[in-house]
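Reviewing the structure listed below.
Residue numbers (this note's numbering): 968 to 1106.
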């Protein structure tokens, strides 16, 4: 059952508070994180409202990891980061998802853990649209 307070489940205004839907992948959705201090940062959210990776079958886990790899590959091709960090959190929002955070040697936080939401860099609608098209072109 969908969580009525979950942006991944409900999309719309709830999702728009922090992200922009890009597309559906095999068993998940790809979302551009609005805060772009790490250019290309995205979220891969599992299709169903489950909290833990152990709540899905081995086949679904494998498919979810393939979606993550596909998104990471597109981020590498589109933005050329030096590294992509991966983070799975959900203390307050219990919907299985993975943050894909491109890191750049000449950027902030290189060599350290990324801030969840530094609230530093937001883009125009046109800039978000360009990023999304770049990601889609590389999927």
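Glycine included, C-beta positions come from ideal geometry on N, C-alpha and C. Every value quoted in this text rests on a predicted model; they were computed, and no experiment measured them.
With respect to the beta strand (DSSP E) encompassing residue 1052, which residues constitute its N-terminal and C-terminal limits?
1050–1054
Kindly indicate which three-state DSSP category residue 1098 falls into: helix, strand or coil?
helix
Within 10 angstroms of the Cβ of residue 968, are there 16 or more other Cβ atoms? Answer buried if so, exposed if not.
exposed
Could you round the C-beta distance between residue 1084 and residue 1041 to whole angstroms and report it? I think they count as a contact, below 8 Å.
Between residue 1041 and residue 1084 the Cβ distance is about 22 Å, and since that is not below 8 Å, they are no contact.
Kindly give me the distance between the Cβ atoms of residue 1045 and residue 989, rounded to whole angstroms, as I take these residues to be in contact under 8 Å.
Actually they are not in contact, since the Cβ atoms of residue 1045 and residue 989 sit about 11 Å apart, beyond 8 Å.
Just curious, the alpha helix (DSSP H) that residue 1031 is in, first and last residue?
1025–1046
For residue 1000, count neighbouring Cβ atoms within 10 angstroms of its own Cβ and tell me buried if that reaches 16, exposed if not.
buried
Under 9 Å between the Cβ atoms of residue 1063 and residue 1035?
no
Where do the N-terminal and C-terminal ends of the alpha helix (DSSP H) with residue 924 fall, by residue?
Absent from the structure is residue 924, since the part of the chain shown begins at 968 and ends at 1106.
Along the beta strand (DSSP E) that carries residue 1009, what are the first and last residues, could you check?
1009–1013
At what residues does the alpha helix (DSSP H) containing residue 976 begin and finish?
974–977
In or out: residue 1061 buried (at least 16 other Cβ within 10 Å) or exposed?
exposed
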